[in-house]
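Peer 1: Below is a structure I'd like to ask you about.
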Amino acid sequence: MYTENKIKFKLGNIETEWVENNVGVRQGCVISPTLFNIFMEELIARIRRLGGGVKIGGIKIGALGYADDLVVLTNTVEEMIRVLEVLDQYGKEWDVKFSGGKCKIMECTDVDRRNQWVLGDDILEIVNKYKYLGVEIRKGDGKLKGMIRNNESKAGKVAGLIRNTTWRCSNKYEVGRVLWKGVGVPRCLYGAEVLGFTQAEVNKLEKVQRQVGRLSLGAKKYTANEAIGGELGWSTMDERIAKIKIGYEVKIKGLEENRWLKKVYEELECEGYYEEREEFIKFIEDKYIEVWRVERNGEDDGMKMILGLKEDCYFEEVVKKMKEYL
């Protein structure tokens, strides 16, 4: 792939002679991700051939790969033991070292066993929570409440950061507004597409947003919340979450049938796990938009037609998304 690829080593004032190198790729080389994907695809293919995993839409998912992260899914202890053996054998064949300190096991149900989970020479730690792609998943916590609490904590920290930053600035309004929209909102609403917020949790985030708004405007604590929101032109947290969730629904509806996200969504819908989602959509309808049900041949077919915004509502984006969704 390379011609006349030579390297030398330098330690302090000591340098070696140039030597020819026929192993590896150069740092930053565009072929590096492709080569890595080839190796990862072979590993995932071996895991699939075991026939284990979680069944979704009639098909079993044994592993999820994203960049250099790999999550293995099994239904039984025996399946996991076989997967760990495959990982160990793959590592020996291709001289791949799995980090025992970073590899974790999360048992979603109570497992009665005496043996420890072993990968190569490492004993894997059993954990009750795991963070994947920034989303914290906890054992037995279907609503990801740990993630919501983390987001609340991040919101408070960002508010403190903005407070410490703006007091040195001549234009508190512009700095506070930009920092909150660019840093604060993404942090406190990360993963909102799949998180099940209670109204109390939304109110906590709204309170932090109002604090940042007052700070940016230099307003007193007795200034009306409506005045703060109107001056800044910010959406409420209710509105922000609604936009995110409805936009996510629209995205899923538009995916091709062979996409895993679409399959998981439809599987959960068939199993009746989306009562909370349906309640949320109903909440949006009642609060922000006027709807009526269409009848065909004298029967209610469930189609909803959006007539318009309710009085004093500035939620045009929600209406737009709802039109696309419905």
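Here numbering that gives the first Met the number 0 is used: the first residue of the sequence shown is 0, the next is one more, and so on.
Cβ atoms here follow ideal geometry from the backbone N, Cα and C, with glycine treated the same way.
Remember, predicted model here, so these are calculated numbers, not experimental data.
Quick one: residues in its chain with C-beta nearer than 7 Å to the C-beta of R209, no 5 flanking neighbours on either side, listed in chain order?
Peer 2: In the sequence shown, residue 209 corresponds to position 210, counting from 1. Correct list, in chain order: N224, I227.
Peer 1: What does the alpha-carbon distance come out to for the pair G52 and T165?
Peer 2: Working through the sequence shown from its first residue, we reach residue 52 at position 53. Working through the sequence shown from its first residue, we reach residue 165 at position 166. Each residue's Cα considered, the two are about 51 Å apart.
Peer 1: For the pair the segment 115 to 123 and the segment 165 to 182, tell me if three or more CB-CB distances fall below 8 Å.
Peer 2: The answer is no - the segment 165 to 182 does not touch the segment 115 to 123, with fewer than three Cβ pairs under 8 Å.
Peer 1: Between the beta-carbon of A158 and the beta-carbon of V207, is there less than 9 Å?
Peer 2: Here residue 158 is taken as the residue at index 159 of the sequence shown, counted from 1. Here residue 207 is taken as the residue at index 208 of the sequence shown, counted from 1. In contact: A158 and V207 (Cβ atoms closer than 9 Å).
Peer 1: Taking L132 as the reference, give the member of Y221, Y189, K252 with the closest Cα.
Peer 2: For the purposes of this step, residue 132 is taken as residue 133 along the sequence shown, with counting starting at 1. The option with the nearest alpha carbon to L132 is Y189.
Peer 1: Compute the beta-carbon to beta-carbon distance between I46 and V76, rounded to the nearest angstrom, for a pair I have assumed lies under 8 Å.
Peer 2: In the sequence shown, the residue the question calls residue 46 occupies position 47. In the sequence shown, the residue the question calls residue 76 occupies position 77. The Cβ separation is near 16 Å, so there is no contact.
Peer 1: Can you give the Cα-Cα distance for L63 and K103, rounded to whole angstroms?
Peer 2: One-based indexing of the sequence shown puts residue 63 at position 64. One-based indexing of the sequence shown puts residue 103 at position 104. Taking the straight line joining both Cα atoms gives about 15 Å.
Peer 1: Does DSSP put D109 in a helix, in a strand, or in coil?
Peer 2: For this step, residue 109 is matched to residue 110 along the sequence shown. It is coil, neither helix nor strand.
Peer 1: Using the Cβ count rule (16 or more neighbours within 10 Å means buried), how would you classify A191?
Peer 2: To locate residue 191, count along the sequence shown from 1; it is residue 192. Label assigned to A191: buried.
Peer 1: Within the segment 68 to 148, note down every full alpha helix (DSSP H) run reaching 4 residues or more, in order along the chain.
Peer 2: Entirely contained in the segment 68 to 148, the alpha helix (DSSP H) runs reaching 4 residues are, in chain order, 76 to 93.
Peer 1: Quick check on DSSP: helix, strand or coil for K219?
Peer 2: Position 220 of the sequence shown, counted from the start, is the residue given in the question as residue 219. In this structure, K219 counts as coil in the three-state DSSP scheme.
Peer 1: Exposed or buried, R239, counting other C-beta atoms within 10 Å across all chains shown (16 or more means buried)?
Peer 2: One-based indexing of the sequence shown puts residue 239 at position 240. Classification for R239: buried.
Peer 1: So what does DSSP say about E14, is it helix, strand or coil?
Peer 2: Counting from one through the sequence shown, the residue named residue 14 turns up at place 15. Note: E14 maps to strand in three-state DSSP.
Peer 1: Considering only their Cβ atoms, is the gap separating S215 from K171 smaller than 9 Å?
Peer 2: Here residue 171 is taken as the residue at index 172 of the sequence shown, counted from 1. Here residue 215 is taken as the residue at index 216 of the sequence shown, counted from 1. In contact: K171 and S215 (Cβ atoms closer than 9 Å).
Peer 1: Out of Y247, W233, I13, which one is the CA nearest neighbour of K180?
Peer 2: By 1-based counting over the sequence shown, the position of residue 180 is 181. Closest by alpha carbon: W233.
Peer 1: When you compare only the Cα positions, how much space is there between R258 and G145?
Peer 2: The residue you call residue 258 lines up with position 259 of the sequence shown. The residue you call residue 145 lines up with position 146 of the sequence shown. Cα to Cα, the separation comes out at about 28 Å.
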